[in-house]
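Residues in the sequence shown are numbered from 1 upward in steps of one, following the working numbering. Everything on this sheet refers to the single structure shown next.
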Amino acid sequence: MFNRKKATNNLATFDLRRYKYWQAIFLSFYSRKLYIDVAKRWRGIGLTYCLTLLIFACIPLGIKYMLNFEQYIWKDLIEPMSKIPEIIVENGEVIFKQNKPYFIKNQKGNDVIIIDTTDQIKEITDEYPDLFMLIRKKQYFFRDPRVEFLKDNERNQEFYNKREIFTYSYEGFKNEKFIGKEWVKEVGLNKVKNAILIFVYPLLVSCIYGVLITIMIVFAMMGQVASITIFKHKLKFTQACRVMFVSSTFGTVIFLMLRTLGFHSMKINFMCMIFIFIYFSYAILCIRKDGRQLVHY
């Protein structure tokens, strides 16, 4: 007697995906069965897989950015600020014990803060490219500190050269004393630093995730057309997206690793795109071969 319930259960089991997302990350480099499973049994367009891939693949780059940001916040911002000596503000004017410009340097030996009540230095200029604070007798100037590990990029270099300079006066200050170390503790810059570091990795993953989704969906549409015209195998759009996301694993990992090592150029981007389309072609060939075997069977 035919057992309909048992047959239904067998079909349901057959339709379940055989590989988990973390397994697919490693198997995507060579497994023919994985790509068949992705096309036939996975659901959706592969967004969860993409996120899983980036959570693991972004770890080295995330660590690099966290270390760079920690060094930037501590060495280039907090440490110079804590070196500011005692400054007294009376009736809107700074009283400073030294009758000549006082320079505070960062770890690189560049001037980042200047205290000058003699009016020798009147404003922030290109003479001091790393200067982010100038304290004068009746006002002080401030601009965004220069991020050392972003200076090599020409676009970032141009941005930092055009940083806006803000001017503030001491109006309303009648008798105030300012010491750098005490101010750093009162404001809680160390807590701010820790909070920023916590968000560096999730923010990095989120940004790359959004960009990668957009690119891969466009590539999937191109791949769907190529699958029909070149490989003579029709894929649904959802299948093409899933296969494209998994096929992009090798190219994405290579791109992120090279980025971590400091290599970034259009040639590298093009090379990674080639890797993606090679793996996508391999996946389509595997899926087409499996489909033909089922037809013959």
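Backbone N, C-alpha and C define an ideal beta-carbon position, used for all residues, glycine too.
Problem set entry | Residue interval of the alpha helix (DSSP H) (run including Glu-70) | It spans 59–73 - the alpha helix (DSSP H) in which Glu-70 sits, taken as one unbroken run.
Exercise. Mapping DSSP to helix, strand and coil, what is Ile-121?
Worked result: The answer is coil: DSSP assigns Ile-121 none of H, G, I, E or B.
Exercise. Taking 6 Å as the cut-off, is the CB of Leu-261 close to at least one heavy atom of the ligand NAP?
Worked result: This structure lacks the ligand NAP; in fact it carries no ligand of any kind.
Problem set entry | C-alpha distance - Gln-98 paired with Pro-85, whole-angstrom precision | Taking the straight line joining both Cα atoms gives about 10 Å.
Problem set entry | Where the beta strand (DSSP E) containing Leu-134 begins and where it ends | Run containing Leu-134: 133–135, per the beta strand (DSSP E) assignment.
Problem set entry | Closest Cα partner of Tyr-65 within the set Lys-138, Ile-198, Ala-283 | The residue with the shortest Cα to Cα distance from Tyr-65 is Ile-198.
Problem set entry | Short Cβ contact (7 Å threshold) for Ile-121 with Pro-101 | Going by C-beta atoms, Ile-121 is nearer than 7 Å to Pro-101.
Exercise. With a Cβ-Cβ cutoff of 7 Å, do Lys-193 and Ile-104 count as a contact?
Worked result: Cβ distance not < 7 Å, so Lys-193 and Ile-104 don't count as in contact.
For this session: Determine the extent of the beta strand (DSSP E) in which Lys-177 is found, giving its start and end residues.
Result: Note, Lys-177: beta strand (DSSP E), 175–178.
Exercise. Distance, Cα to Cα, Glu-93 vs Asp-76?
Worked result: Rounded to whole angstroms, Glu-93 to Asp-76 spans 27 Å at the Cα level.
For this session: Could you check how far apart the C-beta atoms of Thr-238 and Ile-36 are, in whole angstroms? I think they sit under 8 Å.
Result: About 15 Å separates the beta carbon of Thr-238 from that of Ile-36, a gap too long to meet the 8 Å contact definition.
Problem set entry | Where Lys-289 falls, given that 16 or more other Cβ within 10 Å makes a residue buried | The Cβ neighbour count for Lys-289, taken over all protein chains shown within 10 Å, is under 16; the residue is labelled exposed.
Problem set entry | Cβ of Ser-169 within 7 Å of any chain B Cβ | Chain labels in this structure do not include chain B; a single protein chain is all it has.
For this session: Measure the C-alpha to C-alpha separation of Asn-190 and Pro-129 and round it to an integer number of angstroms.
Result: So the two alpha carbons sit approximately 26 Å from each other.
For this session: Please check the pair Met-257 and Pro-60, which I expect to be a contact at CB under 8 Å, by giving their CB distance rounded to whole angstroms.
Result: Between Pro-60 and Met-257 the Cβ distance is about 7 Å, and since that is below 8 Å, they are a contact.
For this session: Could you tell me the distance, in whole angstroms, from the CA atom of Glu-186 to the CA atom of Asp-119?
Result: Taking the Cα positions, Glu-186 is about 30 Å away from Asp-119.
For this session: Pick out whichever of Ile-215, Arg-259, Phe-263, Lys-40 has its Cα sitting closest to the Cα of Phe-277.
Result: With distances taken between Cα atoms, Phe-277 lies closest to Ile-215.
For this session: Note down, in chain order, each residue of its chain lying with its Cβ closer than 7 Å to the Cβ of Leu-27, except the 5 sequence neighbours on either side.
Result: So the list reads Tyr-19, Leu-34, once near-sequence residues are dropped.
Exercise. Can you name the start and end residues of the alpha helix (DSSP H) that Phe-29 belongs to?
Worked result: Phe-29 -> no alpha helix (DSSP H), and no H or E assigned at all.
Exercise. If you draw a straight line from the C-alpha of Asn-175 to the C-alpha of Phe-166, how long is it?
Worked result: Approximately 23 Å between the Cα atoms of the pair.
Exercise. How many Å lie between Lys-177 and Asn-91 at the Cα?
Worked result: The alpha-carbon of Lys-177 is positioned some 12 Å away from that of Asn-91.
Exercise. By how many angstroms is the C-alpha of Ile-228 removed from the C-alpha of Ala-220?
Worked result: CA-to-CA, the gap between Ala-220 and Ile-228 works out to about 12 Å.
Exercise. With respect to the beta strand (DSSP E) encompassing Lys-105, which residues constitute its N-terminal and C-terminal limits?
Worked result: From DSSP, the beta strand (DSSP E) with Lys-105 extends over 102–105.
For this session: Out of Lys-40, Cys-50, Phe-29, point me to the one whose CA is closest to Cys-207's CA.
Result: Out of Lys-40, Cys-50, Phe-29, Cys-50 has the C-alpha closest to the C-alpha of Cys-207.
Exercise. Just to confirm, are Arg-32 and Cys-241 a CB contact at a threshold of 7 Å?
Worked result: With respect to Cys-241, Arg-32 sits apart: the two C-beta atoms are not nearer than 7 Å.
Problem set entry | CB contact flag (Ala-283, Val-243, <7 Å) | It is a contact, given that the beta carbons lie within the stated cut-off.
For this session: Identify which residue in Gln-107, Leu-261, Val-112 has its Cα closest to the Cα of Asp-126.
Result: In this structure, Val-112 is the residue among Gln-107, Leu-261, Val-112 with its C-alpha nearest to the C-alpha of Asp-126.
For this session: Would you mind reading off the limits of the beta strand (DSSP E) that contains Glu-164?
Result: No beta strand (DSSP E) contains Glu-164, which DSSP labels as neither H nor E.
For this session: Take Asn-269 as the anchor and find which of Leu-261, Asn-110, Thr-252, Val-38 has the nearest alpha-carbon.
Result: Among Leu-261, Asn-110, Thr-252, Val-38, the Cα nearest to that of Asn-269 belongs to Thr-252.
For this session: Measure from the alpha carbon of Gly-62 to the alpha carbon of each residue in Ile-78, Val-205, Gln-139, then state which is nearest.
Result: Comparing alpha-carbon positions, the option among Ile-78, Val-205, Gln-139 lying closest to Gly-62 turns out to be Val-205.
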